[in-house]
Amino acid sequence: MIQKIMKSALWISALIAAPAMEQDAVGTLPEANSGDSAWLLTASALVLMMTLPGLALFYGGLVRAKNFLSVLVQCGAVAALASVIWIVMGYSLAFSANGNGFLGSSENFMFNGFLGSSENFMFNGLLGSIREGQTTGALAFALFQMTFAIITPALIIGAWVERARFGWVVAFSGLWSLLVYVPVTRWVWGNGFLAEQGVIDFAGGIVVHTTAGVSALIVALMLGKRIGFPKTLMLPHSPALTVAGAGLLWVGWFGFNGGSALAANDAAASAIINTHIGASAAALVWLLIERIKVGKATAVGFATGAVAGLATITPAAGVIGPGGAMILGILAAIICFWFVGIVKGKLKIDDSLDVFAVHGVGGILGSVLLAVFASKALGGAGYAEGTDMASQLWVQLKAVTLVAVYSAVATLIIGYVVSKLIPMRVSEDQERDGLDLSSHGERAWDLD
234 MIQKIMKSAL WISALIAAPA MEQDAVGTLP EANSGDSAWL LTASALVLMM
284 TLPGLALFYG GLVRAKNFLS VLVQCGAVAA LASVIWIVMG YSLAFSANGN
334 GFLGSSENFM FNGFLGSSEN FMFNGLLGSI REGQTTGALA FALFQMTFAI
384 ITPALIIGAW VERARFGWVV AFSGLWSLLV YVPVTRWVWG NGFLAEQGVI
434 DFAGGIVVHT TAGVSALIVA LMLGKRIGFP KTLMLPHSPA LTVAGAGLLW
484 VGWFGFNGGS ALAANDAAAS AIINTHIGAS AAALVWLLIE RIKVGKATAV
534 GFATGAVAGL ATITPAAGVI GPGGAMILGI LAAIICFWFV GIVKGKLKID
584 DSLDVFAVHG VGGILGSVLL AVFASKALGG AGYAEGTDMA SQLWVQLKAV
634 TLVAVYSAVA TLIIGYVVSK LIPMRVSEDQ ERDGLDLSSH GERAWDLD
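Going by our numbering, the first residue of the sequence shown is number 234, and it counts up by one from there.
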């Protein structure tokens, strides 16, 4: 009897010790730098704050009161769906070491530069590992990148507010995340073919703002104008919420750009400084333009100018100096303000909250001009060996053009396919009543 009890005790002890033994095995792997990992985890929280609640309040304040809640729900639903997709397969297809899609494992597979493999599905193999050339744990890096995957499709919400059906929004955003965001991330940040050509995108001017901005323009064209646009004034119901949202975006952008250094070092500090000075310059110049053009500066103008500066500085934050960042901020305000007038005033395209004019144009502008301001003569970090200003400019132009065209075509196809299952727009009566009421008065997936 005593022997049986002892055997049982040993067996139970072995079971209890098993996790500890596994932990010891993990502990033998290279250890991540705790300071760098702490900064990346903090930056992840800051970037998530940009979407929830920053972007939600920024966009929500710009719509009419009858559509406010619908914007908040859309931001939340898109964030949740993008998170699931990223953990299940998005990260692996974007950042896995081997590029092979679903067709087996081979580093030399022909699609290596275009799409990753299934080896890290459900974040498999990330615990206790460190990506090559980095000092933070792979799991922390995957978390940080997930927050980028969240905010990118959420940016497009500004193009379809006040008229898009919720079911279509969710289905489109899920497919867009998988078919547009993930491949482009692989090309630029996942050691894909654009990275091999030397493209620079420090924190997402191409991956985030170009893809979202161009896609927003296509969606706006597909959906058509809101009832009454452009003759009816559609004033924001709460500029105060918009300014508050812009403030959250501004602070969160420190994690967006500073975290992209992937370490708590001078590179992160430099990126944050450039981010702040770029946004500051753009906000002030936007206010000045409003004062000259319409006779007064506005709160919404201040918020929009700041976001334009933030979007423009994003791809260049880690490779230029403060002087270059200030110039980029000034140019962002001038050019983005001009494009707002072109898109809505001349082309009569109802990109409701100016996603293309602010994020798309800003991201493209920064992605191209970083090739100029990266020069050491202008205070930048300089160029890679064998590269000069002209060659870097050509690489940036090629990358921006290719990603813009791909995003436009893919968005057109995704939007059309989803619309065959779920109509894109709510009915005219629902649009007049407001999406807050219609969303609670019908099933979200109703196909009528």
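We treat Cβ as the ideally placed atom computed from N, Cα and C, and that holds for glycine. Every value quoted in this text rests on a predicted model; they were computed, and no experiment measured them.
Which whole-angstrom value describes the C-beta separation of residue i and residue j, a residue pair presumed to lie in contact below a C-beta threshold of 8 Å?
i	j	result
residue 268	residue 438	Not really, about 27 Å apart at Cβ, beyond 8 Å.
residue 442	residue 296	With a Cβ gap of about 21 Å, residue 442 and residue 296 do not count as contacting.
residue 291	residue 482	6 Å
residue 415	residue 326	5 Å
residue 582	residue 454	6 Å
residue 549	residue 599	5 Å
residue 283	residue 489	6 Å
residue 459	residue 523	Going by Cβ atoms, the distance from residue 459 to residue 523 rounds to 23 Å, so no, they are not a contact pair.
residue 315	residue 382	5 Å
residue 363	residue 265	6 Å
residue 421	residue 589	The pair is not a contact, with the Cβ atoms about 20 Å apart (cut-off 8 Å).
Please state the DSSP three-state secondary structure of residue i.
i	result
residue 675	Because residue 675 sits at a pLDDT of 45, beneath the cut-off of 50, its placement in the model cannot be relied upon, and the point is left open.
residue 502	helix
residue 665	helix
residue 363	strand
residue 370	strand
residue 617	coil
residue 436	coil
residue 459	coil
residue 340	A caution first: residue 340 carries a pLDDT of 46, below 50, which makes its placement in the model unreliable, though a value can still be read off. Reduced to three states, the DSSP call for residue 340 is coil.
residue 658	strand
residue 397	strand
residue 352	coil
residue 264	coil
residue 469	coil
residue 448	helix
residue 589	helix
residue 358	coil
residue 612	coil
residue 383	helix
residue 577	helix
residue 529	coil
residue 377	helix
What separation, rounded to the nearest whole angstrom, lies between the Cα atoms of residue i and residue j?
i	j	result
residue 308	residue 317	15 Å
residue 311	residue 627	35 Å
residue 573	residue 365	42 Å
residue 533	residue 476	7 Å
residue 502	residue 541	21 Å
residue 585	residue 646	21 Å
residue 323	residue 444	16 Å
residue 664	residue 514	38 Å
residue 612	residue 436	19 Å
residue 390	residue 449	8 Å
residue 562	residue 500	20 Å
residue 293	residue 301	5 Å
residue 526	residue 568	14 Å
residue 433	residue 313	29 Å
residue 669	residue 392	17 Å
residue 429	residue 371	22 Å
residue 505	residue 601	20 Å
residue 578	residue 520	19 Å
residue 329	residue 466	49 Å
residue 622	residue 279	33 Å
residue 285	residue 619	43 Å
residue 508	residue 661	42 Å
residue 349	residue 331	6 Å
residue 386	residue 405	9 Å
residue 474	residue 461	24 Å
Is any non-hydrogen atom of the ligand PLP found closer than 7 Å to the C-beta of residue i, if you look at the structure I gave you?
i	result
residue 589	Annotation note on the ligand PLP: not contained in the displayed structure, which lists no ligands.
For the alpha helix (DSSP H) that contains residue i, what are its first and last residues?
i	result
residue 653	622-654
residue 324	324-328
residue 472	472-491
residue 573	555-573
residue 269	267-282
residue 319	Neither: residue 319 is in no alpha helix (DSSP H) and is coded neither H nor E.
residue 429	426-429
residue 600	594-606
residue 291	289-295
residue 546	532-546
residue 286	Counting along the chain, residue 286 falls outside any alpha helix (DSSP H), and DSSP gives it neither H nor E.
residue 421	415-422
Looking at C-beta atoms only, is the number of pairs between the segment 593-612 and the segment 538-547 that lie closer than 8 Å three or more? yes
Is it true that the segment 598-608 meets the segment 552-569, where meeting means three or more beta-carbon pairs spaced less than 8 Å apart? yes
Is the segment 621-636 touching the segment 647-659, taking contact as three or more C-beta pairs under 8 Å? no
Touch check for the segment 369-389 and the segment 270-277: three-plus C-beta pairs under 8 Å? yes
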